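For the protein sequence lines, the chains are A and B, in the order given. Anchor point for the first sequence: position 641 equals 641 in UniProt numbering, and the numbering is continuous, going up by one each time. Anchor point for the second sequence: position 41 equals 41 in UniProt numbering, and the numbering is continuous, going up by one each time. Note that the Cβ used here is the ideal one computed from N, Cα and C, for glycine as well. No experiment lies behind these values; they were computed from the predicted model shown. Structure first, commentary second.
There are 2 protein chains.
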Amino acid sequence: MLLIGLLSGTLAGVIDLAVDWMTDLKEGVCLTAFWYSHEQCCWTSNETTFDDRDKCPQWQKWAELMTGHAEGAGAYVLNYFLYVLWALLFSFLAVSLVRVFAPYACGSGIPEIKTILSGFIIRGYLGKWTLLIKTVTLVLAVSSGLSLGKEGPLVHVACCCGNLFCSLFSKYSKNEGKRREVLSAAAAAGVSVAFGAPIGGVLFSLEEVSYYFPLKTLWRSFFAALVAAFTLRAINPFGNSRLVLFYVEYHTPWYMAELVPFILLGVFGGLWGTLFIKANIAWCRRRKTTQLGKYPVLEVIAVTGITALLAFPNPYTRRSTSELISELFNDCGALESSQLCDYINNPNMSRPVDDIPDRPAGPGVYNALWQLALALVFKIVITIFTFGMKIPSGLFIPSMAVGAIAGRIVGIAVEQMAYHHHDWIIFKNWCRPGADCVTPGLYAMVGAAACLGGVTRMTVSLVVIMFELTGGLEYIVPLMAAAVTSKWVADAFGKEGIYESHIQLNGYPYLDVRDEFTHRTLATDVMRPRRNDPPLAVLTQDSTTVEDVETLIKDTDYNGFPVVVSRESERLIGFVQRRDLTLAIKTARQKQDGVVSSSVVYFTEDAPQLPASNPQPLKLRRILNLSPFTVTDHTPMETVVDIFRKLGLRQCLVTRSGRLLGIITKKDVLRHMAQMMNQDPESIMFN
Amino acid sequence: MLLIGLLSGTLAGVIDLAVDWMTDLKEGVCLTAFWYSHEQCCWTSNETTFDDRDKCPQWQKWAELMTGHAEGAGAYVLNYFLYVLWALLFSFLAVSLVRVFAPYACGSGIPEIKTILSGFIIRGYLGKWTLLIKTVTLVLAVSSGLSLGKEGPLVHVACCCGNLFCSLFSKYSKNEGKRREVLSAAAAAGVSVAFGAPIGGVLFSLEEVSYYFPLKTLWRSFFAALVAAFTLRAINPFGNSRLVLFYVEYHTPWYMAELVPFILLGVFGGLWGTLFIKANIAWCRRRKTTQLGKYPVLEVIAVTGITALLAFPNPYTRRSTSELISELFNDCGALESSQLCDYINNPNMSRPVDDIPDRPAGPGVYNALWQLALALVFKIVITIFTFGMKIPSGLFIPSMAVGAIAGRIVGIAVEQMAYHHHDWIIFKNWCRPGADCVTPGLYAMVGAAACLGGVTRMTVSLVVIMFELTGGLEYIVPLMAAAVTSKWVADAFGKEGIYESHIQLNGYPYLDVRDEFTHRTLATDVMRPRRNDPPLAVLTQDSTTVEDVETLIKDTDYNGFPVVVSRESERLIGFVQRRDLTLAIKTARQKQDGVVSSSVVYFTEDAPQLPASNPQPLKLRRILNLSPFTVTDHTPMETVVDIFRKLGLRQCLVTRSGRLLGIITKKDVLRHMAQMMNQDPESIMFN
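Laid out in structure tokens, this is it:
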């Protein structure tokens, strides 16, 4: 746990620093040291005064560096051109690296990790190569300015670290269950470093990622998240010695009447979640099924090009998304130079203090509103096409950006309404003239929470992450109200969050713990063989020959076979894995004298002593699982589904009074559940 | 959920108000309106100025009211006497009410709720009477000044509310599983209102109380906690429109070097947890087994008397424990009048600002240190004897008080060391002369978390509750470090927290999800009947008579009986509950013609047609559970324990190739686990 925390904390720190530098590289370069980002460059310069910290002579935009002119249309076009060029270069590198070295490094990784934690194995998904390539391409993808975040992929990176350390200890590498517990904890560490939110990370792992979360894992996750957050703080990539990514401080409490706009933002978040999931899934399905999917590099290049072309002219989309969110969350202080804070100041108020009353908006604010509205539409559309491309891409930051933009717009609207209409009944009680009633930044925060909630359907972890992100513990009730509304609205249009939708799209055999199974079917309706099927492929305990077994293995592709006393009595004695069986026969044929095709395979405790001239028996009791999981044919499917979920089974045998009747596999359960929900059971592909 | 949240929020508000009033009633009365507490009384008075808000003419101490003298030895003795008298009266009322009306209302209730949520039924434990009496006696017990808190009992109260509303809806009253889910959510609402910490409440329910916590419950708990916190805020018992009980604001960050004292506080917390659990359990066992347990009223009166006598002279124990904690957490501002803030001010510093540098301690501080040290010893000793008496008593507040006192003492020591020894290497790097380096209040907070963690072994929920309590999101790493250390230290001396220890003491059949079972025993070693036991009591599907069944029911006290094809083949076909069997036979004897003692009971699908002269058969297939849970005799006990835990089973049948061999009940599992841990299995009493 300690190692996982240390490694993922370090990786996250490195990624943060690299992203900072490369994002700024698109705009210009530091003359004193080219490896400094814009902020670091100006920070180390001695000549700058506090006021224009962002404009120091050491930092030069490309046009200035190349032509000597910092202003003018020519410089603008050159900067524009180089911005797009850098973006294209980064994304081309990212997609190429992914395609050549580690195809599993693409996407957010959370759907796959959910599936892996539910008991399915995707070989190589958490390997060393994936770790390395995902780390590098994540930096490239984020720096390219695409509408994606680094949070989901960081969870994948942390899980790769967890897997790496698991393979060093035989206790974990041999036991899939224990390995999964470690991976759950690693996921917590991933979110912990992605946001600097250790508690939120643990809850995210619990609520969203993990399938089975025992208390021991809770405790371990907590420790891993703590170590990771600590390491990140020691690296200190944001340079402010805070763990908190978007630290905000608001000076006014919220009022009951403000719950109305907060709930409206929740509704917006729910609608956005629904729209995004439906559109994104439709687009991804199209990619999977048509020619489009064959040119992933071209697709990435095209989307990057469009993103960069459209993003540059608008100041709110040109900068990195985290910076945008940070600005939107901010309350307008007296010293704020942002366009969003261009209010008309009351001339009577000579010295600006912290507690600034509501003011009429100046032209800058109206200008910003227009740009924000355009940015909102742009972000909504481009995110739909971006998520799911063949590069590492997270969804947290874009969703939060959409919500923050919408929230800030609503916030400014409410603020101006409250300022201009003090006498309306709704404002009368809580907003006297000259008071500071409305904080637009708070609305941005609530909107971000609502949109993130609509997409992922998180509740508790969402609220915890949000207040760990912002330090706004006072605003827990608005956040909760928005999260609840958003989940309700989004659930009304479809139960599945984005991760479950992608799991379904990819056809992973994932048994959602959230779906309730309430139908009255019985195990006998689901088990194989069906009425007209050939009988179940079974082995007998003392009358199958080696040849019979080999034929059975060749003719079928089942994972294992039940062993019965005899074909007549069909009384079950155990279950044998295909893998063990194949290996045992191969070894016996090579090393054991007298084992030939006609040797009889014995699963009983004692094999008869045969004369040496006869083919020698092959004793295989040691590979027989004597305690296979069984249910009776009358067991309600509700119970069966429950057992599959809680015990993480892959198959279960069906008996009646000890007689073997059939078998139910996880896939049968999934097919049956799809059928009961009136979906086409064949839509669940198992790849 | 809405109703549960509303009702428990309201009850908590009423309890808070009543406790406030009655605690102050011990010292004096408000002349303008006797139903006002000290603070409310002075708040409504117009004459008071800001400086002496606590001393208004309307509020009179008893001595002043009765004799006219506010000062002097006589008045002190009279106040002392009345303080003790009121305390005795309150606690006598509390213990009498509990004894007469609702014996289940005593204690914290959390061990019992844990047991109930694990599937055991304690009738009446969550009834209406318990709810009513617990609410009333909780107020009395807290007001009496005993060293106990209201948090645990509030969880019990909220669960009673949950149970009450469950019984109104048949969906929940009929299904134990669904009822338990509601109770989990109610527990979350309980903690939510106890501390004003909705997220902490959900996590507490998840980590500490609940046995099985599906995501649906998480979501419901979240909603219930939100509504409850909201209701409480609307009632606003603390009068500061904050949800946060002990709001603190610190102005300085913490330094890496401070982790050493934080970890030392963690060690102290772990040691305190171990000491408390061992001593308290020893005392409770003595109460259970000796004469002492026969005089609960006398015990409560005696402990109250001693508490009140010892508490009054020390100002830190005289006030209510929450006020004490609140003062200990506070940072010393410039305007603070508390004795703890009696520092020697630098005369050069004319205007006090928020950011006060470290100062040398004045005589008041040294005085306070002595009093705090005495209070620490007193609290440690008295809490051991208080928890477990026959009155409602929570453990959170006393534990936090112990930790806060210890933390504050350590904090002041570190602060003075840093002030007087700036040149020591450890201080050199982070504490320049004249800077504000050490915040003693933060140490108190960390100490409180460590002690609470040592006693309850919470981790994540503890940290969340602490930062929801204090708003100190910046200090998450110190809190986590202390919580982790405290848990490690305490776990080294014994795995069980206070609640598990009380569960064991009371012998509830509780299967702890945290114990790992790693022994290599098999189901066949645990099942009954053992080798020399009489054979298992079974029914046959078509050859048992009504009389046989009645004899079996009379002779045994098993909860149910397996049904087999015949005694010879012993092939299992199902399981029938004792309750259903008794009821079915009784009904049949009364209402069904021809059913007599010699009638044959049929569990098969078709009963043979007999001539009317013969005793008519009794068909009981409808009460037969056709899908009893079975494992084979070779199943490792590790798997069996896992199944019992995850599926919440009460019994499980053991078969081999369909032949019934025996039965394993939850009690067998618990006995076996105790045996494997070298404990006396008979120490687990089942009452």
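What residue from the options has the CA that sits closest to residue i's CA?
i        : options                                : result
B:ASP633 : B:VAL595, B:THR582, B:LEU583, B:LEU522 : B:LEU522
B:ASN163 : B:LYS128, B:LEU138, B:VAL193           : B:LYS128
A:MET256 : A:TRP59, A:PRO478, A:SER569            : A:PRO478
B:LEU511 : B:LYS278, B:MET673, B:PHE276, B:TYR172 : B:MET673
B:VAL564 : B:THR544, B:VAL139, B:TYR558, B:GLY407 : B:THR544
B:PHE644 : B:GLN609, B:ASN625, B:GLY662, B:LYS666 : B:LYS666
A:GLN339 : A:ARG180, A:GLN541, A:GLY364           : A:GLY364
B:PRO615 : B:GLU547, B:ARG622, B:VAL640           : B:GLU547
B:LEU85  : B:SER143, B:GLY124, B:TYR443, B:PHE120 : B:SER143
B:LYS646 : B:GLY177, B:SER399, B:VAL182, B:SER8   : B:GLY177
A:TYR602 : A:LEU618, A:GLN675, A:GLY594           : A:LEU618
A:ALA33  : A:HIS420, A:TRP59, A:ALA406            : A:TRP59
B:LEU310 : B:GLU568, B:PRO636, B:SER170, B:PHE81  : B:PHE81
B:ALA12  : B:THR635, B:ALA368, B:LEU232           : B:LEU232
B:ARG656 : A:ASP642, A:PRO628, A:GLN651           : A:PRO628
A:GLU181 : A:GLU208, A:LEU215, A:CYS652           : A:LEU215
A:ALA123 : A:LEU138, A:SER37, A:GLY273, A:ALA102  : Looking at the sequence provided, one finds Arg at residue 123 of chain A rather than Ala. Residue A:ALA102 is the option with its Cα nearest to A:ARG123.
Can you tell me which residues form a DSSP beta bridge with residue i?
i        : result
A:LEU572 : A:VAL564
A:GLY662 : A:VAL654
A:LEU624 : A:VAL576
B:THR630 : B:LEU653
B:VAL29  : B:GLN60
B:TYR602 : B:LYS619
A:TYR443 : DSSP lists no partner for A:TYR443.
A:GLY394 : A:GLY149
A:GLY107 : A:PRO392
B:PRO636 : B:LEU522
B:THR23  : Note: B:THR23 sits in no beta bridge, so no partner.
Any heavy atom of the ligand ZN within a distance shorter than 7 Å of the CB on residue i?
i        : result
B:ALA490 : Within the structure as shown, the ligand ZN is missing, as the structure has no ligands at all.
Exercise. Residues in the stretch 462-485 of chain B with C-beta within 8 Å of chain A's C-beta atoms, listed in sequence order?
Worked result: VAL463, VAL464, PHE467, GLU468, GLY471, LEU473, GLU474, ILE476, VAL477, MET480, ALA481, VAL484
For this session: With 7 Å as the limit, tell me which residues of the UniProt domain "CBS" (527-591) of chain B have their beta carbon closer than that to any beta carbon of chain A; keep them in chain order.
Result: VAL565, ARG571, LEU572, ILE573
Exercise. Which residues, taken in chain order from the stretch 131-164 of chain B, show a beta carbon closer than 7 Å to some beta carbon of chain A?
Worked result: none
Exercise. Taking three-plus beta-carbon pairs below 8 Å as touching, is the stretch 573-586 of chain B in contact with the stretch 605-613 of chain B?
Worked result: no
Exercise. Does the stretch 294-312 of chain B come close enough to the stretch 405-413 of chain B that 3 or more CB-CB pairs lie under 8 Å?
Worked result: no
Problem set entry | Residues within the stretch 177-199 of chain B neighbouring chain A, beta-carbon criterion of under 8 Å | PRO198, ILE199
Exercise. Given a limit of 9 Å on CB to CB distance, which residues of the stretch 217-233 of chain B reach chain A?
Worked result: LEU218, TRP219, SER221, PHE222, PHE223, ALA225, LEU226, ALA229, PHE230, ARG233
Problem set entry | At least 3 beta-carbon pairs within less than 8 Å: the stretch 376-396 of chain B vs the stretch 280-292 of chain B | yes
Problem set entry | In chain order, each alpha helix (DSSP H) run of at least 4 residues that lies wholly inside the stretch 128-169 of chain A | 128-143, 151-166
For this session: Closer than 8 Å, Cβ to Cβ, to anything on chain A: give me those residues from the stretch 79-108 of chain B, in chain order.
Result: none
Exercise. Are there three or more Cβ pairs, one per stretch, closer than 8 Å when the stretch 452-460 of chain A is compared with the stretch 480-493 of chain A?
Worked result: yes
Exercise. Any chance the stretch 524-534 of chain B sits against the stretch 490-500 of chain B, with 3 or more Cβ pairs inside 8 Å?
Worked result: no
Problem set entry | Interface residues of the stretch 658-671 of chain A facing chain B [CB-CB below 7 Å] | GLY658, ARG659
For this session: Count the C-beta pairs between the stretch 324-331 of chain B and the stretch 435-451 of chain B that are closer than 8 Å, then say yes if the count reaches three, no if not.
Result: yes
Exercise. With a cut-off of 8 Å, do at least 3 Cβ pairs link the stretch 80-99 of chain A to the stretch 10-29 of chain A?
Worked result: yes
Exercise. Is the stretch 363-378 of chain A touching the stretch 254-272 of chain A in the sense that three or more CB pairs, one from each, lie closer than 8 Å?
Worked result: no
Exercise. Does the pairing of the stretch 62-74 of chain B with the stretch 111-122 of chain B give three or more beta-carbon distances under 8 Å?
Worked result: no
For this session: May I ask you to list, following chain order, the residues of the stretch 604-635 of chain A that have a beta carbon less than 7 Å from some beta carbon of chain B?
Result: LEU626, SER627, THR630, VAL631, THR632, HIS634, THR635
Problem set entry | Runs of beta strand (DSSP E) lying entirely within the stretch 175-208 of chain A, each at least 3 residues, in chain order | none
Problem set entry | the stretch 90-97 of chain B touching the stretch 185-205 of chain B, judged by at least three CB pairs closer than 8 Å | no
Exercise. Would the stretch 120-134 of chain B and the stretch 146-164 of chain B be scored as touching if the rule is three or more Cβ pairs under 8 Å?
Worked result: yes
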